[in-house]
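In the working numbering, the protein residues as written are 818 to 943.
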């Protein structure tokens with residue numbers, strides 16, 4: 818039951834962050850630019866994130882891996898970087914490759930405590 822609650826809390830946090838990002842005026846997922854330079858994106862609809870959580874004796878529930886899905890086909894073969902943060906500070910990260918709309922499970926070697934993860938950042942790039 819505790820795993821479900823943790824997964825639900827992390828999912829709700831991610832949803833709130835995506836909703837907050839959507840309110841940024843003038844910036845879309847299709848393009849992001851600075852000084853007039855446009856950086857194109859292969860994914861224009863956003864992605865979904867799932868967490869693999871395990872129990873470590875004496876420590877508690879930890880995030881062992883992250884899976885990114887709902888990735889546009891245009892991103893196949895591109896690198897996917899995932900960073901888990903707590904209050905803006907990185908507490909775990911990993912990398913994978915987009916293939917068929919997903920990444921498979923990306924290992925997070927640091928195994929941060931699930932209760933400390935309050936944000937996730939995903940970058941898809943060449």
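Note that beta-carbon positions come from the ideal geometry of N, C-alpha and C, so glycine has one too. Being a predicted model, the structure only gives us computed values, none of them experimental.
field: Span separating the alpha-carbon of residue 912 from that of residue 874
entry: Answer to the nearest angstrom: the Cα atoms are 26 Å apart.
- prompt: Since residue 936 sits in a beta bridge, which residues does DSSP pair it with?
  reply: By DSSP's assignment, residue 936 forms a beta bridge with 902.
- request: Out of 921, 942, 890, 907, state which residue places its alpha-carbon closest to the alpha-carbon of residue 867.
  value: Comparing Cα-Cα distances from residue 867 to each of 921, 942, 890, 907, the minimum goes to 921.
- prompt: residue 893: buried (16+ other C-beta within 10 angstroms of its C-beta) or exposed?
  reply: Classification of residue 893: exposed, given that the 10 Å Cβ count is below 16.
message: Our contact map puts residue 895 next to residue 915 with C-beta atoms below 8 Å; I'd like the distance itself, whole angstroms only.
response: A Cβ-Cβ separation of about 5 Å places residue 895 in contact with residue 915 under the 8 Å criterion.
message: Please report the straight-line C-alpha distance between residue 838 and residue 859, rounded to a whole angstrom.
response: Low confidence applies to residue 838: its pLDDT is 42, below 50, so where it sits in the model is not reliable enough to give any reading.
- request: Check the DSSP bridge columns for residue 910 and list the partner residues they point to.
  value: In DSSP, residue 910 forms a bridge with 900.
- request: Identify whether residue 882 lies in helix, strand or coil by the three-state DSSP scheme.
  value: Strand, per DSSP.
task: Using the Cα positions of residue 846 and residue 908, report the straight-line distance between them to the nearest angstrom.
output: With a pLDDT of 45 at residue 846, under the threshold of 50, the predicted position of this residue should be treated as unreliable, and no value is reported.
message: I'd like the list of long-range same chain contacts for residue 872, defined as Cβ closer than 7 Å, with 5 residues on each side in sequence excluded.
response: 878, listed in sequence order.
message: Quick check on residue 927: does DSSP put it in helix, strand or coil?
response: Look at residue 927 here: in three-state DSSP terms it is coil, with no helix or strand label.
field: Rounded C-alpha distance that separates residue 835 from residue 940
entry: Because residue 835 carries a pLDDT of 46, less than 50, the predicted location of this residue cannot be relied on, and no value is offered for it.
field: Other residues of its chain near residue 943: CB distance less than 8 Å, five sequence neighbours each side excluded
entry: Counting only Cβ-Cβ distances below 8 Å, and skipping sequence neighbours, we find 895, 896.
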